[in-house]
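There are 2 protein chains.
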Amino acid sequence: MAKFYGIGTGPGDPKLLTVGAVEVLGKLDILYAPQSKKGGDSLALSIVKEYLKDDLEIKERHFPMVKDVDIKSKAWDEISSEIVKDVEKGNEVGFITLGDPMIYSTYIYLFERLRGKIETVTIPGISSFSNIASKENYPLVVDDEELIIVPCNMDMSDVKEAIKNYSSVVLMKVYKNFGEIYEFLEEQKLLKNALMVVNSSHEDEIVYRDLGEVNRSEKLSYFSTIIINKNFNTVD
Amino acid sequence: MAKFYGIGTGPGDPKLLTVGAVEVLGKLDILYAPQSKKGGDSLALSIVKEYLKDDLEIKERHFPMVKDVDIKSKAWDEISSEIVKDVEKGNEVGFITLGDPMIYSTYIYLFERLRGKIETVTIPGISSFSNIASKENYPLVVDDEELIIVPCNMDMSDVKEAIKNYSSVVLMKVYKNFGEIYEFLEEQKLLKNALMVVNSSHEDEIVYRDLGEVNRSEKLSYFSTIIINKNFNTVD
Chain U
147 MAKFYGIGTG PGDPKLLTVG AVEVLGKLDI LYAPQSKKGG DSLALSIVKE YLKDDLEIKE
207 RHFPMVKDVD IKSKAWDEIS SEIVKDVEKG NEVGFITLGD PMIYSTYIYL FERLRGKIET
267 VTIPGISSFS NIASKENYPL VVDDEELIIV PCNMDMSDVK EAIKNYSSVV LMKVYKNFGE
327 IYEFLEEQKL LKNALMVVNS SHEDEIVYRD LGEVNRSEKL SYFSTIIINK NFNTVD
Chain D
147 MAKFYGIGTG PGDPKLLTVG AVEVLGKLDI LYAPQSKKGG DSLALSIVKE YLKDDLEIKE
207 RHFPMVKDVD IKSKAWDEIS SEIVKDVEKG NEVGFITLGD PMIYSTYIYL FERLRGKIET
267 VTIPGISSFS NIASKENYPL VVDDEELIIV PCNMDMSDVK EAIKNYSSVV LMKVYKNFGE
327 IYEFLEEQKL LKNALMVVNS SHEDEIVYRD LGEVNRSEKL SYFSTIIINK NFNTVD
């Protein structure tokens with residue numbers, strides 16, 4: 147029986163795909179790839195393209211990045227209906243998503259709509275924060291410490307609370323409130339324990355081991371992540 | 147110049163290795179593999195064995211799992227000195243570790259001792275919690291929610307605090323305090339939002355979508371993980 151596969155591509159480098167993901171990608175009949183802009187390139191598709199078979203049908207679909215839940219829901223409903231039809235016709239169908247499918251991915255909303263209708267297999271991927279820590283040789287967490295992952299589009303008071311209370315903190319999407327985050331890290335004397343990577347694992351990746359070097363008048367990329375570890379300095 | 151590679155193997159299934167990890171494993175001259183018991187099997191080694199070249203030298207080394215930091219430090223010092231010598235002789239040397247090297251791994255202690263002495267490349271791996279979420283189709287976290295990862299060998303009051311304050315919680319090493327954790331989840335009416343996996347991604351894996359089914363008089367495995375998501379029920 148045909149199945150639907152939700153596949154994590156990792157953050158960007160095709161070598162971060164798992165062996166299992168590559169195997170599944172190579173046997174698909176139809177692959178859905180998300181576009182953040184209508185008609186724009188799919189970042190996830192660029193990661194996997196070397197592993198796809200020649201006669202694969204690729205369906206790039208636009209996932210609106212807006213606040214309005216109704217607009218987003220409409221897109222998820224339409225795409226999931228299309229996926230169900232494709233699987234019911236006997237096609238092996240895949241959907242690719244950046245990073246890990248179960249950590250802050252739009253895949254979760256698709257999956258909720260497919261649940262119980264078609265058989266779904268989810269394949270994990272390397273998260274951007276895990277890749278940053280390894281690539282920059284900057285440990286995330288040891289022993290009996292907690293690790294907290296905080297998307298910074300939430301309330302800044304909660305972000306500050308997390309930074310104060312935990313020794314290992316990942317701050318995602320820092321582009322919006324970078325100024326305020328920087329000031330708080332400075333106040334907490336944590337600048338030497340904070341590493342920022344912009345566009346992790348892409349051609350235009352920038353690594354800041356000293357946050358003071360960031361040009362604060364320029365707009366940061368959506369894919370900007372800070373890792374804080376109070377027990378490790380970012381520079382020797 | 148020869149390098150040292152710290153390689154995350156993922157939680158158990160060899161298909162969870164990344165393409166990059168497989169490439170590096172295939173070119174090593176010497177591989178260090180951790181044993182938790184002296185002379186015992188290395189779990190990490192069993193995961194990677196199909197990807198190793200025939201003439202590879204394998205050095206299984208014992209990492210004591212004790213509280214005494216002096217005993218552990220002595221082992222880390224000895225093993226890291228040996229690694230430095232092997233690399234300085236021109237060998238490509240690897241070390242394998244379960245899950246992700248920068249998340250709760252002994253690798254971090256080795257790495258601290260190698261820093262500045264030999265060139266070190268760290269290759270990320272799939273974490274057990276990420277694999278459990280995908281394999282069980284149980285989403286970890288969406289949107290502007292925080293995700294907290296809690297090793298339950300810490301103070302139980304901190305564990306309870308995390309469960310109360312966050313909607314997405316990973317509890318690792320629940321074997322020690324499972325009784326108390328179960329009672330707290332029951333009290334907080336979270337039993338339907340808690341999924342437990344014992345020995346994730348191994349032959350003897352057990353999945354509990356209903357924690358009430360756990361035999362509480364039996365000793366749980368060290369590798370027992372609970373995922374809590376207050377926005378998703380574990381059963382439909």
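Top line first, the protein sequences correspond to chains U and D. With positions in the first sequence counted from 1, the corresponding number in my numbering is that position plus 146. With positions in the second sequence counted from 1, the corresponding number in my numbering is that position plus 146. Glycine included, each C-beta is placed from N, C-alpha and C at the ideal position.
Chain-ordered, the chain D residues with CB closer than 7 Å to the CB of residue 246 (chain U) read 276. No residue range can be given for residue 148 (chain U), since it is assigned to no alpha helix (DSSP H) and is classified by DSSP as neither H nor E. Between the region 279-299 of chain D and the region 274-293 of chain U, the count of Cβ pairs shorter than 8 Å is three or higher; the stretches touch. Collapsing the DSSP output to three states places residue 275 (chain D) in a helix. Ranked by Cα distance from residue 184 (chain D), the options D:204, D:208, D:376 are led by D:208. The residues 150, 178, 239, 241, 256, 260, 264, in chain order, have a CB closer than 8 Å to that of residue 229 (chain D) in the same chain once the five nearest residues on each side in sequence are set aside. Residue 259 (chain U) carries a helical assignment under DSSP once its states are collapsed to helix, strand and coil. In this chain, the alpha helix (DSSP H) harbouring residue 218 (chain U) covers 215-234. When Cβ-Cβ separations below 8 Å define contact, residue 290 (chain U) makes contact with chain D. In the structure shown, residue 241 (chain D) adopts extended strand secondary structure according to DSSP, grouped into three states. Comparing C-alpha distances from residue 281 (chain U) to each of D:267, D:164, D:369 shows the shortest one belongs to D:267. Within the region 273-316 of chain D, the beta strand (DSSP E) runs of at least 3 residues that lie entirely inside it are, in chain order, 293-297.
Rounded to the nearest angstrom, the gap between the Cα atoms of residue 158 (chain U) and residue 349 (chain U) is 9 Å. The beta carbon of residue 245 (chain D) sits closer than 8 Å to those of 154, 155, 156, 157, 251, 271, 272, 273, 274, all from its chain and outside the five residues before and after it, given in chain order. Annotation: the continuous alpha helix (DSSP H) that includes residue 327 (chain D) extends over 324-333. Along the region 342-359 of chain D, there is no position whose C-beta sits under 7 Å from a C-beta of chain U. Every beta strand (DSSP E) stretch that sits fully inside the region 331-358 of chain U and reaches 3 residues is listed by chain position as 340-344, 352-354. Interface residue (Cβ-Cβ distance to chain U less than 8 Å): residue 296 (chain D) is classified as such. If the five residues before and after residue 356 (chain U) are omitted, its C-beta is found closer than 6 Å to no C-beta atom of its own chain.
Note that the region 374-381 of chain D does not touch the region 321-330 of chain D; fewer than 3 beta-carbon pairs, one per stretch, sit closer than 8 Å. Per DSSP, residue 364 (chain D) lies in no alpha helix (DSSP H) segment and is marked neither H nor E. Under the three-state reduction of DSSP output, residue 180 (chain U) falls in the strand class. Here residue 247 (chain D) is near residue 152 (chain D), since their CB atoms are less than 8 Å apart.
For residue 158 (chain U), not one C-beta of chain D is nearer than 8 Å to its own C-beta.
The Cβ of residue 340 (chain U) sits no closer than 8 Å to any Cβ of chain D.
Residue 249 (chain U) is positioned such that its CB atom lies no closer than 8 Å to that of residue 317 (chain U). When DSSP states are grouped into helix, strand and coil, residue 166 (chain U) belongs to the helix group.
Taking 8 Å as the threshold, the shortest C-beta distance from residue 321 (chain D) to chain U does not fall below it. By the neighbour-count criterion, in which 16 or more other beta carbons inside 10 Å mark a residue as buried, residue 232 (chain U) falls on the buried side. Here residue 313 (chain D) is near residue 291 (chain D), since their CB atoms are less than 8 Å apart. As DSSP reads the structure, residue 265 (chain U) sits in no beta bridge.
Non-local beta-carbon contacts of residue 367 (chain U) in its own chain, meaning distances under 6 Å to residues more than five positions away in sequence, involve 344, 345 in chain order.
When the alpha-carbon of residue 369 (chain D) is set against those of D:222, D:189, D:169, the nearest one is in D:189. Residues of chain U whose Cβ lies closer than 8 Å to the Cβ of residue 161 (chain D) are, in chain order, 164, 165, 166, 169. Bounds of any alpha helix (DSSP H) do not take in residue 370 (chain U); it lies within the beta strand (DSSP E) bounded by 370-375. Ranking D:253, D:194, D:200, D:337 by CA distance to the CA of residue 221 (chain D) puts D:253 first.
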